[in-house]
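Everything below concerns the one structure shown next.
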Amino acid sequence: MKTKLLISLGVLALLMCFTSLGQNSGNNEENIWLQQLVREYSYNVVLQNDLNNKAYVIQNGSGNNAIVNQKITGNRYQSNVLYMIQQGNNNNGLVKQVGLGNEYNIYQFGSDNDLDLMTEGKRNKSTLFQIGNSNKIKQRLRGNEMDYFILQEGIRNELIHIENGVKHPEYRIEQKGTGMKLIIENSNIYRK
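For what it's worth, the working numbering labels the leading residue of the sequence shown as 676, then goes sequentially.
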């Protein structure tokens, strides 16, 4: 019950964020707005901009693919931000973020969903929710000052979490259900 309440609050906050950002969208160069995708469609977003990259993706149905590539060049302190919701079965998400202050909030509801995430830079933040069965997450974080929370709930879910950086945070990973698999690798090899 507590988990479902947290997820409901997270989704509500996400929708409120969409609404407030939509009202303050004076600069279209900095924002890619909410994209609504329906069953059996593939969606690609490629953002390479020296300003803040913000992507909002919602996919309903089964067999969806979301590919997001966000890159900030130079030493700017603007951040890449991604909010993504996938509802259904057999959905795939592939996310790559390079820059400072990267952030993603990803929610997958359904079964047989896959997430492959790579973030590189400083001050990275991620929140991942997978609710369903036989879901997989592979998350690679490279950089310093990382903050993340992962929740998987269901049966036979799998998480591979790899981080390279000097400052390791506390692990905030929660798996609820049966037949879960968790692999964590970390090192301080990364320097930038």
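Cβ coordinates follow ideal geometry from the N, Cα and C atoms, glycine included.
Bridge partner(s) assigned by DSSP for residue i
| i | result |
| --- | --- |
| M821 | In DSSP, M821 forms no bridge with anything. |
| L757 | A730, Y779 |
| S801 | Y779, Y823 |
| G796 | G818 |
| I735 | The displayed chain sequence assigns Asn, not Ile, to residue 735. Answer is Q762, bridged to N735. |
Inter-residue spacing [alpha-carbon to alpha-carbon] between residue i and residue j
| i | j | result |
| --- | --- | --- |
| L857 | K813 | 10 Å |
| G854 | L803 | 19 Å |
| K851 | K729 | 31 Å |
| N740 | L757 | 15 Å |
| M759 | N788 | 13 Å |
| L816 | N810 | 20 Å |
| Y731 | Y823 | 19 Å |
| V743 | R831 | 26 Å |
Pair within 9 Å by beta-carbon distance, residue i and residue j
| i | j | result |
| --- | --- | --- |
| S786 | N765 | yes |
| E795 | Q761 | no |
| S754 | G768 | no |
| G763 | G736 | yes |
| L826 | Q805 | yes |
Buried/exposed call for residue i, threshold 16 Cβ in 10 Å
| i | result |
| --- | --- |
| N861 | exposed |
| I781 | buried |
| E849 | exposed |
| I733 | buried |
| I747 | buried |
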